Amino acid sequence: MTTERVDTVPESRRRASPAESSLPSSLRIGLNRVVPELKMFYRRPEQLALTFSMPAVICLLLGSIFSTKLPNSAISTGAVIAASMLAYGILSTSFINLGISIAADRDTGALRRLRGTPTTAFSYFVGKVMLVVIVSFAEAVILLLVGVLAFGLHLPATLSDWFTFAWVFALGVLSCSLLGMFISNLASNAVSAAVLTNGPAVGLQFVSGTYVPLMVLPGWMLTIGSIFPVKWMAQGFRSVLLPPEMVAFEPAGNWEHWRIFLVLTAWSIGGLIACLSVFRWSDQR
Amino acid sequence: MTSAVHVRGLSKAYGRTAAVRELDLDVGYGEIFAILGPNGAGKSTTIEILEGNRRRDTGHVRVLGEDPGTAGRGWRAKIGIVLQEVSDAGMLTVGETVRMFASCYGAARDAGEVLELVGLASGFGRRVRKLSGGQRRRLDVALGIIGRPELLFLDEPTTGFDAEARRRFWDLIRLLAADGTTILLTTHYLEEAAALADRVAVISGGRVVAVDSPAKLTAHVNSAATVRWREGDEIRVEQTHFPTELIRQRSKGKSELAELTVTRPTLEDVYLQLVGLAQ
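Going down the list, the sequences are from chains A and B.
Residue numbers for the first sequence, in our numbering: 1 to 285.
Residue numbers for the second sequence, in our numbering: 286 to 564.
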């Protein structure tokens, strides 16, 4: 330790700063970031179009290809895909969107600038998570409209079904957001983040029952898909958007709500720990 | 008097390359202090460590009485940083950006007032990505001072400015300093350090090679005047501490010394000499 001389500072030259106690809370700063975050999102028309139209267009295409009715059922494979597609929608608005936008914030110096202000990492993530919740909600509305109008999906009829829908949505957004944040730390820039998020996302669509119904998948694909959150989100959405008898077409023969809850919760906790251990403000050492 | 910035024995290496070596620095409250050096001298590394944006290897560092490596948000509210090369918030308007940052502080300046101060008031409603390089820099400064910082860091603030823009920028810095803000800037422009700074630290190879006011820096190196004139086809150059006497003697009996000049070492000469000595 070095000992320092502490003399009086001439008051005329030292200008006092506002007291620390008058600082807005981390949460307050985070909430103040929500509207600017939304503006930065919707003012990029190409990003807006990609985020909202891709899942809807793919849903329409796949749903139209798989138009035959399932055996002994009035439901088409297309309807099963439309219900599952909500999981892709959430993956796109949370995992892909966050993975890229946080890497871009690091790229442009936005994070470095925030670091020099009383903004905390918590404030920053409050802004991002609120953005994701709002955008994911809009995405869900669009996909539900497509599903109901084009493929005859029924909205959840009971309160308990809506409750299931809500917690699957919330845990899905949370776990995928945290994984997106984690991925953004592995990416060296926004372009590599786009690859690191879209690559796994496309692969997961095939093994999670969103592009192709689970019952036609080989066992090993099903096993891989069962590790990741997308399969479970999709299963949760099917359980409330399809008629109850459709449970017969699930590989497990059961909606497995408790298992969906456990897997999504585990990914959320794991994602949180991963984010806390690797988050960095900048690409500097 | 306690210093706004107090540094002893600061070192930082990137792999095996030493960027900053055993650097000492003291910046008093209310000073405009310039760190002057060629590219790669360690200016940015030093200022980034002081801003809390980079970790140091060794050394004792206190900025506004706290260690920037561990200081919290209360400390960050008291400093302002004008970064090099940022391109964030492109989709927001200037006004929206300034307001967003203003909301991070307890007692921020008014957004309109700050934009007036940096000369960007007319750009309030423009998208940030449509700004010119100079306007973007003014916005950077606006964001740096929005929270009424006690200490403002500027890392090569006028790189890429034309002469006119640079002069206007200097006026702005002087205005902030007059308000009592301590200012620490890095620059590789000598004239910038000479025009703005109360004191200049010349750094080279990661070390401070001299610290003084621009005038004293010039004085304590070779202060002899150089007298230069033409005799016939020959250019004569003489160094002297008494140029008036020299000219009087040389011009005796002649009407005029052809092409006569008397020059003193400029800060640039001193700087080149110091940087040259260090290498």
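Backbone N, C-alpha and C fix where the C-beta goes; we use that ideal spot for every residue, glycine too.
A quick note: this is a predicted structure, and the numbers were derived from the prediction, not measured.
DSSP, reduced to helix, strand and coil, places B:Asp464 outside both helices and strands of the structure shown, so it counts as coil. Secondary structure of B:Lys537 (DSSP, three-state): coil.
The C-beta of A:Tyr124 has 16 or more other C-beta atoms within 10 Å across all chains shown, which makes the residue buried. Look at the region 329-356 of chain B and you find these whole runs of beta strand (DSSP E), each 3 residues long or longer: 343-348.
If you draw a straight line from the Cα of A:Gly271 to the Cα of A:Ala166, it comes to about 20 Å. Per DSSP, the continuous beta strand (DSSP E) segment holding B:Arg521 begins and ends at 519-525. Taking A:Ser208 as reference, the option from A:Arg238, A:Arg113, A:Leu153, A:Ser188 with the minimal CA-CA separation is A:Arg238.
Residue-level contact by beta carbon holds for B:Ser372 and chain A, with a gap shorter than 8 Å.
When beta bridges are read from the DSSP output, B:Trp514 appears opposite B:Arg521. The closest CA to that of B:Gly408, considering only B:Arg340, B:Leu437, B:Leu424, B:Asp395, is found on B:Leu424.
Residue contact with chain B for A:Lys231: absent (no Cβ-Cβ distance below 8 Å to any residue of chain B).
Exposed is the label assigned to A:Gly199, since fewer than 16 other Cβ atoms lie within 10 Å of its Cβ. For the region 356-372 of chain B, the beta-carbon criterion of a distance under 8 Å to any beta-carbon of chain A is satisfied by Arg358, Gly359, Arg361, Ala362, Lys363, Ile364, Gly365, Ile366, Leu368, Glu370, Val371, Ser372.
Among the residues of chain A, those whose CB is under 7 Å from the CB of B:Glu336 are Gly116, following chain order. In summary, the residues of the region 25-36 of chain A whose CB is separated from some CB of chain B by less than 9 Å are Ser26, Arg28, Ile29, Asn32, Arg33, Val35, Pro36, in the order they occur in the chain.
Just measuring C-alpha positions, the residue of A:Pro36, A:Thr108, A:Leu241, A:Ile142 sitting nearest A:Pro55 is A:Ile142.
The way I'd put it, the region 345-359 of chain B doesn't touch the region 519-527 of chain B; fewer than three beta-carbon pairs between them come closer than 8 Å.
Not a single C-beta of chain B is nearer than 8 Å to the C-beta of A:Ala103. For B:His291, no alpha helix (DSSP H) segment is defined; the enclosing uninterrupted segment is the beta strand (DSSP E) at 288-299. The straight-line gap separating the alpha-carbon atoms of B:Ile364 and B:Gly375 is approximately 24 Å. With fewer than 16 other Cβ atoms inside 10 Å of its own Cβ, B:Tyr299 counts as exposed. Within chain B, Val371, Ser372, Asp373, Ala374 have C-beta atoms less than 9 Å from the C-beta of A:Ala110, given in sequence order. DSSP places B:Ile366 inside the beta strand (DSSP E), whose first and last residues are 364-367. Judged by DSSP secondary structure, B:Leu308 falls within the beta strand (DSSP E) whose first and last residues are 302-313. When 7 Å is used as the limit between beta carbons, A:Arg259 is near no residue of chain B, the shortest such separation being about 41 Å. Approximately 10 Å separates the beta-carbon atoms of A:Leu149 and A:Ala82; this is outside 8 Å, ruling out the contact.
Per DSSP, reduced to three states, the secondary structure at B:Arg433 is coil, with no helix or strand assignment. Against chain B, a Cβ distance below 8 Å from A:Lys39 picks out Met376, Leu377, Glu381. Using a C-beta cut-off of 8 Å, the region 73-93 of chain A makes contact with the region 241-254 of chain A, since at least three inter-stretch Cβ pairs fall below that distance. Taking 8 Å as the threshold, the shortest C-beta distance from B:Ser329 to chain A does not fall below it. In the structure shown, A:Phe228 adopts coil according to DSSP, grouped into three states. Under the criterion of beta carbons closer than 8 Å, B:Asp440 and B:Leu335 do not qualify as touching, at roughly 10 Å. When rounded, the separation of the alpha-carbon atoms in A:Leu98 and A:Ser184 is 8 Å. Close partners of B:Phe386 in chain A (Cβ separation under 7 Å): Thr117. Taking 8 Å as the cut-off, the Cβ atoms of B:Arg347 and B:Lys297 do not count as close. For the region 463-481 of chain B, the beta-carbon criterion of a distance under 9 Å to any beta-carbon of chain A is satisfied by Asp464, Gly465, Thr466, Thr467.
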